[in-house]
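Enquirer: Protein chains in written order, with the numbering used here: chain A, 71 to 406; chain B, 71 to 406.
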DNA sequence: ATAATGAACTTAATCGATTAAGTTTTAGCA
DNA sequence: TGCTAAAACTTAATCGATTAAGTTCATTAT
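#1: Unbroken alpha helix (DSSP H) runs of length 4 or more, entirely within the segment 318-405 of chain B: which are they?
#2: My output table needs one value for residue 178 of chain A: the three-state DSSP class, helix, strand or coil.
#3: Using CA atoms only, rank isn't needed, just tell me which of B:405, B:374, B:391, B:406 is closest to residue 214 of chain B.
#4: For residue 276 of chain B, which option in B:160, B:244, B:114, B:137 has the closest C-alpha, if you only look at C-alpha atoms?
#5: Can a CB atom of chain A be found closer than 7 angstroms to the CB of residue 354 of chain B?
#6: In whole angstroms, give me the CA-to-CA distance for residue 191 of chain A and residue 118 of chain B.
#7: List, in chain order, every chain B residue whose beta-carbon is nearer than 8 angstroms to that of residue 166 of chain A.
#8: Between the beta-carbon of residue 318 of chain A and the beta-carbon of residue 286 of chain A, is there less than 7 angstroms?
#9: List the endpoints of the continuous beta strand (DSSP E) containing residue 407 of chain A.
#10: With 8 angstroms as the C-beta to C-beta threshold (strictly closer), list the residues of the segment 339-351 of chain B near chain A in chain order.
#11: Taking 7 angstroms as the CB-CB cut-off, is residue 291 of chain B touching chain A?
#12: Which chain A residues sit within Cβ distance under 8 angstroms of residue 151 of chain B?
#13: Is the CB of residue 322 of chain A under 7 angstroms away from at least one CB in chain B?
#14: Counting Cβ pairs closer than 8 angstroms, one from the segment 148-158 of chain B and one from the segment 87-94 of chain A, do we hit at least three?
#15: Spatial neighbours of residue 123 of chain A within its chain, please: CB distance less than 7 angstroms, with the 5 preceding and 5 following residues excluded, ordered by chain position.
#16: Can you tell me where the alpha helix (DSSP H) holding residue 312 of chain B begins and where it ends?
#17: Give every residue of the same chain whose Cβ lies closer than 7 angstroms to the Cβ of residue 398 of chain A, excluding the five residues on either side of it in the sequence, and list them in chain order.
#18: How big is the Cα-Cα spacing for residue 472 of chain A and residue 389 of chain A?
#19: Among A:102, A:136, A:116, whose alpha-carbon lies nearest the alpha-carbon of residue 76 of chain A?
#20: Do the CB positions of residue 218 of chain B and residue 144 of chain A come within less than 7 angstroms of each other?
#21: Check the C-beta distance from residue 187 of chain A over to residue 205 of chain A and give it rounded, since I have them as a contact under 8 angstroms.
#22: If I measure Cβ to Cβ from residue 97 of chain B and keep anything under 8 angstroms in the same chain, skipping five residues before and after, which residues do I get?
#23: In whole angstroms, what is the alpha-carbon distance linking residue 369 of chain A and residue 131 of chain A?
#24: For residue 250 of chain A, collect the residues of the same chain with a Cβ closer than 6 angstroms to its Cβ; drop the 5 residues on either side in sequence, then sort them by chain order.
#25: Which first and last residues belong to the alpha helix (DSSP H) in which residue 200 of chain B is found?
#26: Measuring CA to CA, which of A:210, A:231, A:232, A:233 is closest to residue 222 of chain A?
#27: Hey, is residue 49 of chain A's beta-carbon within less than 7 angstroms of any beta-carbon in chain B?
#28: If distances are taken between C-alpha atoms only, which option among A:163, A:168, A:162, A:161 comes closest to residue 161 of chain B?
#29: In whole angstroms, what separates the C-alpha of residue 179 of chain A from that of residue 103 of chain B?
#30: Count the C-beta pairs between the segment 194-201 of chain B and the segment 145-152 of chain A that are closer than 8 angstroms, then say yes if the count reaches three, no if not.
#31: Report yes if the CB atom of residue 322 of chain B is closer than 7 angstroms to the CB atom of residue 352 of chain A, and no otherwise.
#32: Would you list, in chain order, the members of the segment 95-116 of chain B that have their beta-carbon closer than 9 angstroms to a beta-carbon of chain A?
#33: Note down the Cα distance separating residue 400 of chain B from residue 333 of chain A, rounded to an integer number of angstroms.
#34: Note down, in chain order, every chain A residue with its Cβ under 7 angstroms from the Cβ of residue 304 of chain B.
#35: How would you list, in chain order, the residues of chain B whose beta-carbon sits under 7 angstroms from the beta-carbon of residue 120 of chain A?
#36: With DSSP collapsed to three states, give me the class of residue 131 of chain B.
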């Protein structure tokens, strides 16, 4: 490994000067800087991240926290897209990514301890139980954090615009003539609550009566659950003409159940999903859904986190709401 | 941050003794070890990874390389499953994961340089262009590496059993009575070549004639491509009774095309996929496919890499072939 | 009694990079 | 020329942990 000492020897300056030259310190002659940079390039020098982290406390490493309890991890396309985007933006700015977990090997550490153990400069908290004391501890610590789809006090948060997403979908199906709209939602997280509230509010604004039996709790990303809920809706004396699914993957379960009962989509039943995963675009008919802008969310999260890390003085917490986009597919038709 | 010095002060031993006690050195009294461990726990001590990495060269960090060129990254379920599994096994053994990429920020480094920059103890190379000189350089360096679905000389490799996978599928559909079997494959990687060879071999063994127009090159994970190939197959004067798709996701494209042309699956056309992603199990009919054991592959990769890192003396390169499992769905029926 | 042995601990150097403080060199000006 | 100030460089301490080499002290052997 080429170290700063090798460069110092090779070009006849002290280690201090070499270090300063490579870091753009003001008290090194321009000519010297060039000579040292040239030398570093020739020898193939790259700084040792561990040494630098030890000395200055900064690691150029960003922690990413995807809760490991739920087990969903990166298999959700929404999260894998967010993750890829965080990674891409971080790398562009010279940061690496470390996954923050609990219980590394035999050492028992919580998220904050893991963060410190690796000297992470900050953490993006993406999918987690935000009431978990270990998460709260991290969020209240002095470590810069950015949360996704959740808001800690005085912290930066990136929020997907769930209110606008559901609102857009409701108005869209309303425009197609639907008045009997069912809403299957996922577990009651803060995101779910926003979607549900938005659904009710927009329906009210449009003068739509939503009977309570049209609002059902299911499970995110679980086609079995959405299949059962679909069956329940079909069995109602006065079934809906349009069903909202908690997400695109859940729609598959509904689609199967509808097909099994001989109900044609969209002629006899209209459907919409949520997320806009790749699958929704390759199904036929294409699923009408709302594509969350995961790419932008991830990039903003990384960008703002790095901003906080690099300019702590001028930093202020921000809340950014990222709009998605309604994808018009072929699963919504005018009701009879 | 609690350091070893704090513990030394708190319990009246030297830093050396504390370090040795915590690392299980033989020349510390049992009683002392206990006292120091107790003290460390009380103070909430955790070693500083950077300091340790700097001193001993070991970082307890494993690099993971998913090529960034192709852009597929972790959005493929196969790879995200492999990744999750690597991560889980690594964490169990006390290792963190770092993504190895090229061009971190403004520094231009190749994969090997990035690996050294972060002092990674080893690298799992998962999805990459194995002919890329930067990958080859890493594979030929002194850094412990494990490749997935590719084999470098004198290196450990984890291989999905593509030969057995395709063989099992062919024999399965043969058992159902199919003799006219088409094979749409992906880009001609080493994996594809194995699958193709296995397909031809098994067909020959079973005495099946495969006309050349039944073997088509498509694109992995691309429903549009598989849709086109499906159309081509249907337009043949003597179309097949069964179509093999390059992967489950590609099947969606085929499925749509078949439906569009009014061809019923499986009554008028049997189909099989490859991978066994979640989606294949929630479609109706369930897709008959071959589930690659990504979990085991990832775990073995991490396990063997760590073995090489921790016991370099007794280490020998290994090739492990991981069998998958045929998932019998409902997309294969007896042909007319 | 003295030396030898070994257990249990401490001292001090080290990993590679950074940086405050100190030193030398150069330049500027009367 | 001589003095001062600024520029350009070096020295040396430091981050936290590890470890070879050294020290102390009790125990055993001769």
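C-beta: ideal position from N, C-alpha, C; glycine also.
Expert: For this structure:
#1: Segments of the alpha helix (DSSP H) lying fully in the segment 318-405 of chain B: 318-330, 348-352, 364-380.
#2: Reduced to three states, the DSSP call for residue 178 of chain A is coil.
#3: When only C-alpha atoms are compared, the closest one is B:374.
#4: Closest option to residue 276 of chain B, judged by alpha-carbon separation, among B:160, B:244, B:114, B:137: B:244.
#5: With 7 angstroms as the cut-off, residue 354 of chain B counts as an interface residue toward chain A.
#6: Roughly 14 angstroms separates the two Cα atoms.
#7: The answer, in chain order, is 168, 169, 174, 188.
#8: No Cβ-Cβ contact shorter than 7 angstroms links residue 318 of chain A with residue 286 of chain A.
#9: Outside the modelled stretch of chain A, which goes from 71 to 406, sits residue 407 of chain A, for which no answer is possible.
#10: Cβ contacts with chain A come from 348, 349.
#11: No, residue 291 of chain B does not count as interfacial toward chain A.
#12: The contacting residues are 145.
#13: At least one C-beta of chain B is nearer than 7 angstroms to the C-beta of residue 322 of chain A.
#14: By the criterion of at least three beta-carbon pairs nearer than 8 angstroms, the segment 148-158 of chain B is not in contact with the segment 87-94 of chain A.
#15: In the same chain as residue 123 of chain A, and ignoring 5 residues on each side of it, the C-beta atoms closer than 7 angstroms to its own belong to 129, 189, in chain order.
#16: Here residue 312 of chain B belongs to no alpha helix (DSSP H); instead the beta strand (DSSP E) covers 312-314.
#17: Spatial neighbours of residue 398 of chain A in its own chain (CB-CB distance under 7 angstroms, excluding positions within 5 residues in sequence) are listed in chain order as 358.
#18: Residue 472 of chain A lies beyond the residue range present for chain A, which begins at 71 and ends at 406; the question has no answer from this structure.
#19: Out of A:102, A:136, A:116, the CA that lies nearest to the CA of residue 76 of chain A is found in A:116.
#20: Not a contact, by the Cβ cut-off of 7 angstroms.
#21: Going by Cβ atoms, the distance from residue 187 of chain A to residue 205 of chain A rounds to 17 angstroms, so no, they are not a contact pair.
#22: Around residue 97 of chain B: 90.
#23: Answer to the nearest angstrom: the Cα atoms are 16 angstroms apart.
#24: Closer than 6 angstroms at Cβ, skipping near neighbours: 310, 311.
#25: Here residue 200 of chain B belongs to no alpha helix (DSSP H), and DSSP marks it neither H nor E.
#26: Checked all of A:210, A:231, A:232, A:233; the closest Cα to residue 222 of chain A is A:210.
#27: What the structure shows of chain A is the stretch from 71 to 406, and residue 49 of chain A is not part of that stretch, so it cannot be assessed.
#28: Out of A:163, A:168, A:162, A:161, the CA that lies nearest to the CA of residue 161 of chain B is found in A:168.
#29: Roughly 20 angstroms between the two C-alpha positions.
#30: They do not touch, by the three-pair rule.
#31: Yes; because the gap between Cβ atoms is below 7 angstroms, this pair is in contact.
#32: From the segment 95-116 of chain B, only 114, 116 have a Cβ closer than 9 angstroms to chain A.
#33: Their backbone Cα atoms lie some 21 angstroms apart in a straight line.
#34: Neighbours of residue 304 of chain B on chain A: none; closest Cβ ~16 angstroms, over 7 angstroms.
#35: Chain B residues near residue 120 of chain A: 120, 123, 124, 129, 189.
#36: Assigned with DSSP and collapsed to three states, residue 131 of chain B falls in strand.
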